[in-house]
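Just so you know, the sequences run in chain order A and B. Under the working numbering, the letters of the first sequence match residues 1349 to 1463, in that order. Under the working numbering, the letters of the second sequence match residues 22 to 164, in that order. What follows is one structure encoded as structure tokens, with my remarks underneath.
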Amino acid sequence: MNYESKEKEGVVIITPKGKMMAGPDLEKLHDKIKELVRIGARRMVIDLGEVELMDSRGLGILVAGLTSLRNVGGELKLARITNKIESLLVITHLSKVFKTYGSVDEALKSFQTGS
Amino acid sequence: MARRLSKIPHGVAFPSDQKFLAAVDRYVEQELKKAGFGKDVIADVAISVSEFVNNAILHGNRQDESKLVRLELYHAPGQVTICVEDEGEGFEPDKVASPLEGENLLKEVGRGIFIAKMLVDSVEFSRGEKGGTRVKLFKKLPV
Ligand SMILES: Nc1ncnc2c1ncn2[C@@H]1O[C@H](COP(=O)(O)OP(=O)(O)OP(=O)(O)O)[C@@H](O)[C@H]1O
Ligand SMILES: [Mg+2]
């Protein structure tokens, strides 16, 4: 897998592509998220629309990102989750932990309106 | 990057390094495709196998590259059995905590076996000849 990241309206948007599965490439994404938080990012959207598969490590990285951001008063939101990832969130009870949005724009808007 | 997996009867063996995970995933997908499995079933089995292979590398063999992970794959029409074996000290799967309870819900780790079990029809743990963990997973095609 690889990923792209950009900033819009004060929100970091990360778009991972391919398989969010354990391995050296996924750890690079983990390092990137940690680094962004360290240098001051507080609002983050992970756009999962191009993620084909996810395993426990992929989920672990999302949870780690969420908790590290909440610890500093920030928030991590998910956008464009596929059916496969949705069911993964449901079986792991993480669907009640993450805020999810149908599009990146909706996630961005929610940061403005606080919903 | 292509990583070499060694052929063994009915499968492959490789040193305990996460850089082999991608090659193992490709191997499993190829074999299941040849066996005529559909995309969704392949995805479920591939994730499940990857969870056990990753556990074998990290927890079983503790990334000691002199220790091997072995993967065997057997398929019959409409069903597949895959075994993953490490050279570690084994563990007690019944004592693994539920990832859904209390503070475990927000932990970074601890969901692998739980997820893997949800994606296939059965998972059995046993001990290999030298005391390591042997996991046998079974999946049949949905009818
Ligand atoms: N092959 C193994 N050898 C020894 N211990 C193991 C093995 N597989 C799993 N375990 C033990 O079982 C625990 C739970 O494994 P599980 O895959 O569910 O979670 P994890 O690997 O800790 O985190 P992740 O959510 O990233 O998979 C591990 O932390 C480890 O202690
Ligand atoms: Mg694991």
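All residues carry an ideal CB built from backbone N, CA and C; glycine is no exception. Since we're looking at a predicted model, the values are computed, not measured.
Between threonine 1461(A) and leucine 127(B), the beta carbon gap of about 26 Å keeps them out of contact (Cβ cut-off 8 Å). With a cutoff of 8 Å, asparagine 76(B) counts as near ligand 1, since its C-beta is closer than that to a heavy atom of the ligand. Sequence-distant Cβ neighbours of arginine 132(B) in its own chain, meaning closer than 6 Å and more than five residues away, are Pro120. When 9 Å is used as the limit between beta carbons, asparagine 75(B) is near these residues of chain A: Met1369, Ala1370, Gly1371, Asp1403, Ser1404, Arg1405, in chain order.
For glutamate 72(B), the shortest separation between its Cβ and any heavy atom of ligand 2 lies below 8 Å. Asn75(B) is the residue among Asn75(B), Glu108(B), Val62(B), Lys88(B) whose C-alpha sits nearest the C-alpha of isoleucine 134(B). Ligand 1 has a heavy atom closer than 8 Å to the beta-carbon of leucine 1407(A). Judged by beta-carbon spacing, alanine 34(B) lies within the 9 Å limit of valine 90(B), meaning their Cβ atoms are closer than that value. Around the beta carbon of lysine 1367(A), 16 or more other beta carbons lie within 10 angstroms, which makes this residue buried. For ligand 1, a non-hydrogen atom lies closer than 8 Å to the CB of isoleucine 134(B). Relative to the Cα of phenylalanine 112(B), the nearest Cα in the group Phe159(B), Lys160(B), Glu93(B), Gly152(B) belongs to Gly152(B). Look at proline 120(B) here: in three-state DSSP terms it is coil, with no helix or strand label. Against chain B, the CB of isoleucine 1409(A) has a partner CB under 9 Å away; the residue lies at that interface. The beta-carbon distance between alanine 64(B) and leucine 1401(A), rounded to whole angstroms, is 6 Å. This is short enough to meet the 8 Å contact definition. Note on geometry: alpha-carbon atoms of threonine 1430(A) and aspartate 38(B) lie some 30 Å from one another. Per DSSP, reduced to three states, the secondary structure at leucine 94(B) is strand. In the DSSP annotation of this structure, the continuous segment of the alpha helix (DSSP H) that includes arginine 1405(A) starts and ends at 1404-1419. In this structure, the alpha-carbon of leucine 1426(A) lies about 32 Å from that of leucine 162(B). Relative to the Cα of glutamate 108(B), the nearest Cα in the group Glu124(B), Ser87(B), Val117(B) belongs to Ser87(B).
With a cutoff of 9 Å on beta-carbon distance, valine 1385(A) and leucine 1456(A) are scored as not near each other.
Chain B places a beta carbon closer than 9 Å to that of alanine 1412(A), counting this residue as a contact. The CB of glycine 123(B) never comes closer than 8 Å to any CB in chain A; the least such distance is about 11 Å. The Cβ atoms of serine 71(B) and alanine 1412(A) lie no closer than 9 Å to each other. Counting along the chain, glutamine 51(B) sits inside the alpha helix (DSSP H) bounded by residues 42-55. Residue range 60-76 is occupied by the alpha helix (DSSP H) that includes aspartate 61(B), with no beta strand (DSSP E) assigned at that position. When distances are taken from the beta-carbon of valine 130(B) to the heavy atoms of ligand 2, the shortest one is below 8 Å.
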